[in-house]
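Before any comments, here is the structure.
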Amino acid sequence: AGFDEVIQSKQGRNKFNIEETVNLILTQRFDLPSSKLRTYERQTEYGFSKIDLQHIYRAMDAIEGLAGEIQKQAFYTVNQYSGGPVDCFFFDVTTLYFESDQQDAMRDFGYSKDQKYHLVQIVFALVVDSQGMPLAYETFQGNLSETKTLIPVLEKLRERFAVTHVTIVCDRGLASKANVEALQTSQFHFVIASKLRSMSEKLRLNDITTYAPMPNQDGIPEEERTYFRLLPHPQYSDTTLIATYSPSRAHKDREDRNRLLEKLRRKINDSSDESTIKNVISNGGYKKYTKVKAGSLITINEEAVEMDALWDGFHGIAVANSAKLSPETALSRYRDLWHVEEAFRVAKSTLKTRPIFHWAPHRIRAHMLLCFMNLFLERFLELLLRKNGTPLTPDRIRYALSLMHTTTFEDEATGREGMMQSGLTEDAQKIFHTLGLPIDRATILKS
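Residue 1594 in the numbering used here sits at position 220 of the sequence shown; the count goes up by one each step and never skips.
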């Protein structure tokens, strides 16, 4: 992906090989993400040797300032392989927690998307393209509201990549008048989710009789069709509101709410002590359906449940008029937001970006850079495999690579060193073919 040349620029007078050390860290994270000490101890399993533990930390310190250059290289690589212009960015924010409650300039308490409110965290913003390729990221202090992350990231995007005529797609958490106005000032097009129930009742946005069926749905069952309305957005200038209603979405909304209410009723019945009651009250999902009476008695707020049900199946997106998108295209782009959500899932679960065990700000930044590189390389390999007609999921890629090992050894009689390479599974052979690597594996004794 071209990262090697960027990393080599930091070699300088260092007597150890920075590129090789970074390759060890990335390889270990692909196989079994773990501590830097564990990475050092297991290096021979991946064909590395004689890399000191201190060199792993020194390599992290050396590359910490390369975030901008690495992101530029990622963007350049995607442009080369995507087969078309990168004209749509998908933006989202998550939180990454530490196994700590110590606050500092980066780590702080805030709204935790992992429900780890008792631990400090950082806010992590990520930008991907329409194929799910990570293009850019930024980290923020853990207590920063996600609405305040969008503009700083986009300003750096424009500065680094000189992008024009780009559409930004993001979810409701990033929607604010200040963000929309900033996007318009910066001449970014946008597709952003809007909260319909915050708008005037006079608009009758939850009245299905005011909606019309989307075109080209003749072969689709009625319960899976989508209905829509177009109107000037009541909160943003030069913006269209596309409001939609879907029977299948309404069914899902009802099912989700019923499951939550069932769990809530069980918790209320079991709320015999103060800690359980506090747990119910502090959970945002439960809180909107409850009310607390005198004596700390928690009951279901049936009126809130009924009001919520009136909006089942309804959804809205704000679309910049400058984007000149048809309703079908705008909705399709919004649905593609799953790419960034999947990237977060891969980063958090498969590549285990969190919990973070570093505490110094420069080490945290280096950790996030390594995680971004890992995520990019994993997604890039997926892209190459798709183009090669042999698509594999992230889990299958990781499993295939985890079974591949190289053991180094020394012949006690002669002192000669050698390598013993494991065989390749069928999936691993697909990966090697795609990367142009030889699939023959052998035991090699150096002369």
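Backbone N, C-alpha and C define an ideal beta-carbon position, used for all residues, glycine too.
These numbers come from a predicted model, not from an experiment.
Contact annotation: the region 1459-1477 does not touch the region 1777-1792, with fewer than three C-beta pairs closer than 8 Å.
T1541 and N1643 have their C-alpha atoms roughly 49 Å apart. Counting only runs of 3+ residues, the beta strand (DSSP E) found wholly inside the region 1586-1649 occupies 1601-1606 and 1613-1619, in chain order. Residue E1756 holds the alpha-carbon nearest to the alpha-carbon of A1774 among E1756, N1762 and A1787. Nearest to G1789 by alpha-carbon distance, out of L1819, D1769, L1528 and K1569, is L1819. When DSSP reads this structure, P1765 sits in no beta bridge, so it has no partner. Across the set L1400, R1387 and K1389, the C-alpha of L1400 shows the shortest separation from the C-alpha of D1378. Per DSSP, G1810 has no beta-bridge partner at all.
Here L1500 is bridged, per DSSP, to D1466 and Y1511. In this structure, V1527 and A1499 form a Cβ contact; the two beta carbons are roughly 5 Å apart against a cut-off of 8 Å.
If you check the CB distance, L1570 and L1579 come in under 7 Å. The region 1452-1467 makes contact with the region 1501-1521; the number of CB pairs closer than 8 Å reaches 3 or more. A contact is defined here as three or more CB-CB pairs under 8 Å, and the region 1678-1688 meets this definition with respect to the region 1622-1633. Distance between M1747 and I1444, taken at the CA atoms: about 8 Å.
For E1598, the closest alpha carbon among the candidates T1618, D1612 and P1606 is that of T1618. For A1678, the enclosing alpha helix (DSSP H) starts and ends at E1676 to A1683. With a contact defined as Cβ atoms closer than 8 Å, V1467 and D1482 miss out at about 15 Å.
By the neighbour-count criterion, in which 16 or more other beta carbons inside 10 Å mark a residue as buried, I1594 falls on the exposed side.
Per the C-alpha coordinates, the member of V1452, K1576 and Q1803 positioned closest to F1535 is V1452. Apart from the 5 residues on each side of it in sequence, T1600 sits with its Cβ closer than 6 Å to the Cβ of M1588, T1618 and S1620 in its chain, given in chain order.
Taking the CA atoms as reference points, L1743 sits about 14 Å from K1726.
A check of alpha carbon separations from I1805 across E1752, Y1708, Q1795 and I1674 identifies E1752 as the nearest. Around the beta carbon of G1484, a 10 Å sphere encloses 16 or more other beta carbons of the protein chains shown; the residue is thus reported as buried. Excluding residues up to 5 positions away in sequence, F1465 and I1566 lie with their Cβ nearer than 6 Å to the Cβ of C1544 in the same chain. Residue burial is scored here from C-beta neighbours: A1704 has at least 16 other C-beta atoms within 10 angstroms and is therefore classed as buried.
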